[in-house]
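What follows is a short report on a single structure.
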Amino acid sequence: MDASAKTTSIQAGQMYAGFACDADVRSVASSGGVVSAVLLELLERGHAGALVSKITSSPDGIAAETILVRTREEVLGCAGSSYIDTPVIQTVVRLHDQAGPIAVVALPCQARALRRLMQHRPELREKFWPIIGLFCRGNVTTGFYDDFFRSIGIESSRVRSVKVSRSHVKGRVLVRLDNDHELSIPFMWLNAYRLAGIGAKSLCTWCDEHLAAEADLSVGDIFTKPFKDRQIKHSALVARDEWTRSLIEEMANGGKLSVELVGMDAYERSFKRVQRFSDQQASRKLGALLAGRPRPSGKLSGRFNFFHSLAWSIILLNGKLSRTRLGRRIIFALPRPVITAMALLIKVLSRL
Ligand SMILES: Cc1cc2nc3c(=O)[nH]c(=O)nc-3n(C[C@H](O)[C@H](O)[C@H](O)COP(=O)(O)OP(=O)(O)OC[C@H]3O[C@@H](n4cnc5c(N)ncnc54)[C@H](O)[C@@H]3O)c2cc1C
Ligand code: SF4
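Read in numbering that gives the first Met the number 0, the sequence shown has 61 at position 62, and its numbers run on one by one without any break.
In structure tokens form, the structure reads like this:
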């Protein structure tokens, strides 16, 4: 390396923004391709494989798969975000006797559940590492996709993959069919249902940890002002321990990742309103009561906010409605602008 080249120093627990220097990785990734670049680096360094996830289908409809990948092609084939409930934990348990180490990409709730499982089964911790957690503020079930695709004239059983190529507001959902034909749908069509709580996973009702704090490395989107207008999309990332800290530092100094400091305080300041809504439980009480969702034991986190309570009531009632066949028929018969208006109303209420 050029002796005058700037070296990057990474601190554990601090928020950075970065992207994969390999443009081929970025071209298939959800944001900056940091997750895929890290997985490729681990494979190069001798990892036996990585558990990644994707959307596919069976004759019964849309399905989510978590699979063991071992090659660059396989990692890149599964890059991108799959907004769906994935069987990560079940796959770890199923593959317990595979040769390791195996990296795992997981959502925050899955990272938490894995940690708990590993406390009882330390042999899993020795084999499945690092856990790379994705930021997540809401997810949907596989059944949601069957309804959504039906509503736009796509036969679920013909779907081979669903990829989200996302930018700040726009973004597309790329749906590949069994005849290799690719359909491109505005991400907002799908996201409006997700924001409105339609097809939401029941577990999301009380979720208040969205930055995958229990993972070894946490990665998400970053659309704050300085990054919004950059030509290259960035990922937000936090190395949570010494091993991942030095991995990211070596990748940055080895020309594999471009990384710059954001700062946890600066990130939290930018996302203050989002976090006030999504990280606090007190305002969900009314909605959960109306939707018949049991509340967790102990004190609910955060402070009550009237507008948030309205927004959560809409989200949780939509969630309840979409768990019944009749409810889904009503929801998917509504004109799309109604769903979009509902999502926008929730967005406005959540910022008050
Ligand atoms: C359901 C969901 C909700 C999200 N919500 C937010 C949010 O609110 N805010 C935010 O900042 N970021 C969110 N993200 C994360 C964001 O979309 C990107 O995944 C993240 O920025 C990493 O981008 P990347 O380009 O570095 O990853 P890539 O290089 O594209 O790699 C992503 C990796 O994640 C794996 N993966 C995709 N979907 C899943 C899944 N459902 N379960 C397990 N593994 C999966 C892929 O197989 C791939 O290996 C969410 C992601 C998901 C899946
Ligand atoms: S919002 Fe929380 S519970 Fe729901 S999928 Fe994301 S991390 Fe899991």
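Every residue gets a Cβ at the ideal spot worked out from N, C-alpha and C, and that includes glycine. Predicted model only: the values in this text are computed from it and were never measured.
Taking 8 Å as the cut-off, decide whether the C-beta atoms of residue i and residue j are in contact.
i	j	result
Gln280	Ser296	no
Ala36	Ala191	no
Ala235	Val261	yes
Gly132	Ala214	yes
Ser56	Ser155	yes
Val68	Ala49	yes
Tyr144	Ile83	yes
Leu315	Gly196	yes
Val273	Gln13	no
Asp179	Arg157	no
Leu182	Pro129	no
Leu38	Val87	no
If you count every other CB in all the chains shown that lies within 10 Å of the CB of residue i, and 16 or more means buried, which is it?
i	result
Lys227	exposed
Gly318	buried
Ala332	exposed
Asn138	buried
Ala78	buried
Leu256	buried
Phe305	exposed
Lys162	buried
Glu40	buried
His167	A caution first: His167 carries a pLDDT of 48, below 50, which makes its placement in the model unreliable, though a value can still be read off. It is exposed - the Cβ of His167 has fewer than 16 other Cβ atoms within 10 Å.
Gly219	buried
Thr70	exposed
Lys224	exposed
Ala211	buried
Gln109	buried
Ser3	Below a pLDDT of 50, predicted positions are generally treated as unreliable, and Ser3, at 48, falls in that range; the measurement from the model is reported next regardless. That one is exposed.
Leu28	It should be pointed out that residue 28 corresponds to Ala in this sequence rather than to Leu. Under this definition Ala28 is a buried residue.
Lys298	exposed
Lys271	exposed
Val51	buried
Val347	exposed
Gly17	buried
Val92	exposed
Ala340	exposed
Ile329	exposed
Can you name the start and end residues of the alpha helix (DSSP H) that residue i belongs to?
i	result
Ser300	No alpha helix (DSSP H) holds Ser300; DSSP gives it neither H nor E.
Pro58	Here Pro58 belongs to no alpha helix (DSSP H), and DSSP marks it neither H nor E.
Gly326	Arg324 to Ala332
Ser35	Val33 to Glu43
Phe222	Where Phe222 is concerned, there is no enclosing alpha helix (DSSP H), given that its DSSP letter is neither H nor E.
Gly286	Lys284 to Leu289
Trp242	Glu241 to Asn252
Val172	From DSSP, Val172 is part of no alpha helix (DSSP H) but of the beta strand (DSSP E) over Arg171 to Leu176.
Ala355	Since the first and last residues shown for the chain are 0 and 351, residue 355 lies out of range.
Pro293	Where Pro293 is concerned, there is no enclosing alpha helix (DSSP H), given that its DSSP letter is neither H nor E.
Gly76	Arg71 to Gly76
Asn317	Phe305 to Leu320
Ala281	From DSSP, Ala281 is part of no alpha helix (DSSP H); its letter is neither H nor E.
Gln118	Pro107 to His119
Ala22	Ala22 to Val27
Going by Cα to Cα distance, which pick from the options is closest to residue i?
i	options	result
Met187	Leu176, Met263, Ala251 and Val172	Val172
Thr6	Gly286, Glu213 and Asn252	Asn252
His209	Ile153, Ser245, Glu267 and Arg149	Glu267
Arg302	Gly291, Arg324, Asp278 and Ser321	Asp278
Arg324	Arg292, Gly142 and Leu216	Gly142
Arg25	His233, Leu316 and Phe147	His233
Ile61	Ile184, Leu309, Asp146 and Val337	Asp146
Ser150	Glu249, Leu189, Asp264 and Pro58	Leu189
Gln89	Leu113, Pro107 and Glu73	Leu113
Lys53	Arg44, Ala63 and Leu182	Ala63
Going by DSSP, what residues sit across from residue i in a beta bridge?
i	result
Thr85	DSSP lists no partner for Thr85.
Lys53	Glu64
Leu343	DSSP output for Leu343 lists no bridge partner at all.
Tyr99	Note on identity: in this sequence residue 99 is Gly, with Tyr being the wrong assignment. None, per the DSSP bridge assignment.
Met14	Val237
Phe147	Note: Phe147 sits in no beta bridge, so no partner.
Leu133	Val218
Phe127	Ile101
Gly142	Partner(s): none; Gly142 has no beta bridge.
Glu181	Arg175
Ser80	Val163
Output the boundary residues of the beta strand (DSSP E) element that contains residue i.
i	result
Ser160	Val158 to Ser164
Phe186	Unbroken run through Phe186 is the alpha helix (DSSP H), Phe186 to Leu194; no beta strand (DSSP E).
Gly269	What sits at residue 269 in the sequence shown is Ser, not Gly. Segment Met263 to Ser269 is the alpha helix (DSSP H) holding Ser269; no beta strand (DSSP E) there.
Glu259	Leu256 to Leu260
Return yes when the C-beta of residue i is under 7 Å from any heavy atom of ligand 3, and no when it is not.
i	result
Leu316	Absent from the structure shown: ligand 3. Ligands present: ligand 1 and ligand 2.
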